[in-house]
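Read the structure below first, then the notes.
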Amino acid sequence: MIHKNFYAGLVLGLIGLLLIVPGCNTFEALTPKEPVTITFLYWGDQTYYQNMVTKFNETSPHITVELTSWRSMGRGEDMPDFDAWMDSQYRMGFGIETAAPLSLEGLLEPSARDDFYPVALEAFTEEGKLRALPIGCDMTVMYYNKQLFNAMNVPYPPTGWTWADFVEIGEQLTHPDANRFGFAAQALGAETTEVMTFLFQHGGQLFDDPTHPTRMVFNTPANVEALKWYAGLFNENQIAPRPGQMSPFPYPDEGIRQGLYAMWHGMLSEYSEYADAIGVENLGVIALPRDVNGASFGGVVGLYLSSESLNPEAGWEWIAFLSQQTLPGLFPARRSIAESAPYAATMSSDVLAAAKNAIGELTVIRFDMSGDFGKTLGASMQAWQAALTEIRSGEDVQTALDKAESKAGQ
Numbered sequence: 304m305i306h307k308n309f310y311a312g313l314v315l316g317l318i319g320l321l322l323i324v325p326g327c328n329t330f331e332a333l334t335p336k337e338p339v340t341i342t343f344l345y346w347g348d349q350t351y352y353q354n355m356v357t358k359f360n361e362t363s364p365h366i367t368v369e370l371t372s373w374r375s376m377g378r379g380e381d382m383p384d385f386d387a388w389m390d391s392q393y394r395m396g397f398g399i400e401t402a403a404p405l406s407l408e409g410l411l412e413p414s415a416r417d418d419f420y421p422v423a424l425e426a427f428t429e430e431g432k433l434r435a436l437p438i439g440c441d442m443t444v445m446y447y448n449k450q451l452f453n454a455m456n457v458p459y460p461p462t463g464w465t466w467a468d469f470v471e472i473g474e475q476l477t478h479p480d481a482n483r484f485g486f487a488a489q490a491l492g493a494e495t496t497e498v499m500t501f502l503f504q505h506g507g508q509l510f511d512d513p514t515h516p517t518r519m520v521f522n523t524p525a526n527v528e529a530l531k532w533y534a535g536l537f538n539e540n541q542i543a544p545r546p547g548q549m550s551p552f553p554y555p556d557e558g559i560r561q562g563l564y565a566m567w568h569g570m571l572s573e574y575s576e577y578a579d580a581i582g583v584e585n586l587g588v589i590a591l592p593r594d595v596n597g598a599s600f601g602g603v604v605g606l607y608l609s610s611e612s613l614n615p616e617a618g619w620e621w622i623a624f625l626s627q628q629t630l631p632g633l634f635p636a637r638r639s640i641a642e643s644a645p646y647a648a649t650m651s652s653d654v655l656a657a658a659k660n661a662i663g664e665l666t667v668i669r670f671d672m673s674g675d676f677g678k679t680l681g682a683s684m685q686a687w688q689a690a691l692t693e694i695r696s697g698e699d700v701q702t703a704l705d706k707a708e709s710k711a712g713q
């Protein structure tokens, strides 16, 4: 079975960047220093952060960083007890309400700000203020089994391919009688992000506003058109298994491992799991096919400072340092790392090319669960997923969406 691990992948050495702390407008010069202790809440591998603390102390020996894993946090514990923490943009609204992240405006020199990919900064910008320092991005890409392509004498997907190319390639690789399919759609109940990406690519949208949603969107012309095309993958073109054809289990992981599926969506951070499953020599990766737009769905991980910290200068020095590193398994949020020779040497050229293309098309959303949206999202999402199951089973798209709107009370 393929285990989904957001932070699987590589650990790189230190790469110097242009984030200049003395030029900031908020904190005084940081030398000479008195000993100080800060607390940091992290996701991922403890050893990685212990090593980062050791490196950090080579230049900042006066700062002791105490590490706490998110996994050790009990429900209901407050983050204001921590000087700094890491989290994705999805929970930024939660952080603003409960942990009051310090605005980082004025702390970055313009040259350092320009080093970040714009989408990474935008993911953490609220009311014109930067709320976190981006460190890494995760994006949807298309994985494919080179061995299956070679066996069927089908060329690998080309850069800049389209929906039409995708369907044509999938048809050449599909043999339902042998339980082999050109594309493995995500499992029922887990397909929302996959379908959302197709909606984005066709000019549709699942929410009325991706950064401040108030409701889910169902019956727009672009959504209906995109979902009719999506339905064709299962019913008309038959390049993806329908609900009754989703074996072996667990789907789709076991079928990927057995070499039954030629292509599938996955997060960039899952590369090592898929490489372990089918062999790195058999695994290909490319940016997603395009339609009206190019689009990849994903998230950004950021580093927050608490406005309640008693040592914000030390906290800033720590997260500024971390932002200059590469987070295992994620694509760097800073161009100078992503485009560096040391980073390129850590992966194959097709993986790097897919990541660079995907970051340019990355779409991120944020949820503020307060208010009416948070109260209605659960019912709306259940209605949406029920509609997707019906569509994949052959139900008319418009009929399925009409029922979903009714169930969601829209």
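Each residue of the sequence shown is one higher than the one before, counting from 304 in my numbering. Glycine residues also receive a C-beta, built at the ideal position from the N, C-alpha and C atoms. Fair warning: this is a prediction, and the values are worked out from it, not measured in the lab.
Neighbourhood of residue i by C-beta distance below 7 Å, restricted to the same chain and skipping five residues each side
| i | result |
| --- | --- |
| N328 | A caution first: N328 carries a pLDDT of 39, below 50, which makes its placement in the model too unreliable to give a value. |
| F501 | A529 and Y533 |
| N585 | N448, K449 and Q450 |
| I622 | A387, L436, L606 and L608 |
| F537 | A543, R545 and R695 |
| H505 | A525, E528, A529, D594 and V595 |
| F624 | F359 |
| K706 | A690 |
| A686 | A707, K710 and A711 |
Sequence-distant residues of the same chain with beta carbon closer than 6 Å to residue i, five excluded per side
| i | result |
| --- | --- |
| P335 | Bear in mind that the predicted position of P335 carries a pLDDT of just 47, short of 50, making it unreliable; the figure below should be weighed with that in mind. Here the set comprises nothing. |
| A403 | S610 |
| G319 | Per-residue confidence for G319 stands at a pLDDT of 25, beneath the threshold of 50, marking its modelled position as unreliable; the derived number appears in the next sentence. Closer than 6 Å at the Cβ level, and outside the excluded window around G319, lies no residue. |
Closest residue to residue i among the options (Cα-Cα distance)
| i | options | result |
| --- | --- | --- |
| S406 | A454, D386, T666 and E429 | E429 |
| V498 | M684, P338, T362 and L424 | M684 |
| Y554 | S391, A493 and G681 | A493 |
| L655 | V444, L411, D512 and F552 | V444 |
| F670 | Q541, A426, T371 and H505 | A426 |
| I341 | K706, E369, G602 and V470 | E369 |
| P718 | L424, T367, S375 and V356 | Lying before the first or after the last residue shown, residue 718 is absent from the chain, which here runs from 304 to 713. |
| A481 | G562, A686 and S599 | G562 |
| R483 | R416, D653, I559 and H568 | I559 |
| A580 | E557, R637 and S572 | E557 |
| Y393 | V520, T514 and P631 | T514 |
Extent of the continuous alpha helix (DSSP H) run through residue i
| i | result |
| --- | --- |
| F419 | Taken as a continuous stretch (DSSP letters only), F419 belongs to no alpha helix (DSSP H), as it is neither H nor E. |
| A529 | P524 to F537 |
| A282 | Because residue 282 is not part of the residues shown, which for the chain are 304 to 713, the question remains open. |
| P546 | Unbroken run through P546: none, as it is neither H nor E. |
| R560 | D556 to R560 |
| I662 | S652 to G663 |
| P513 | Run containing P513: none; DSSP gives neither H nor E here. |
| A623 | P615 to L625 |
| K358 | Q349 to T362 |
| T496 | T495 to Q504 |
| S575 | Y574 to I581 |
| A488 | Careful: A488 lies outside any alpha helix (DSSP H) and carries neither H nor E. |
is_contact[residue i, chain C] using C-beta, thresh 8 Å
| i | result |
| --- | --- |
| Y646 | No chain C appears in the structure shown, which is made up of a single protein chain. |
Identified DSSP bridge partners for residue i
| i | result |
| --- | --- |
| W388 | L344 and Y607 |
| P635 | G439 |
| Y447 | M566 and G587 |
| H478 | R483 |
| S414 | None, per the DSSP bridge assignment. |
| F600 | T666 |
| V339 | I366 |
| T428 | L433 |
Proximity below 8 Å, CB of residue i to CB of residue j
| i | j | result |
| --- | --- | --- |
| A387 | L633 | no |
| S643 | D418 | no |
| Q688 | T495 | yes |
| V527 | V700 | yes |
| Y564 | A657 | no |
| M570 | G601 | yes |
| Y345 | M389 | yes |
| A690 | L704 | yes |
| V603 | C440 | yes |
| N540 | E474 | yes |
| S372 | Q349 | yes |
| V422 | L591 | no |
| F510 | I662 | no |
| G485 | L476 | yes |
| Y459 | F469 | no |
Residue i: first and last residue of the uninterrupted beta strand (DSSP E) it sits in
| i | result |
| --- | --- |
| E369 | I366 to S372 |
Same chain, Cβ closer than 8 Å to residue i, five either side skipped, listed in chain order
| i | result |
| --- | --- |
| E337 | H365 |
| I399 | Any reading at I399 needs caution, since the residue's pLDDT is 48, under 50, leaving its predicted position unreliable; the model's value is listed next. Once the five neighbours on either side are set aside, the close Cβ partners of I399 are E429 and R434. |
| F676 | P516, T517, R518 and F670 |
| N614 | V339, T340, I341 and D386 |
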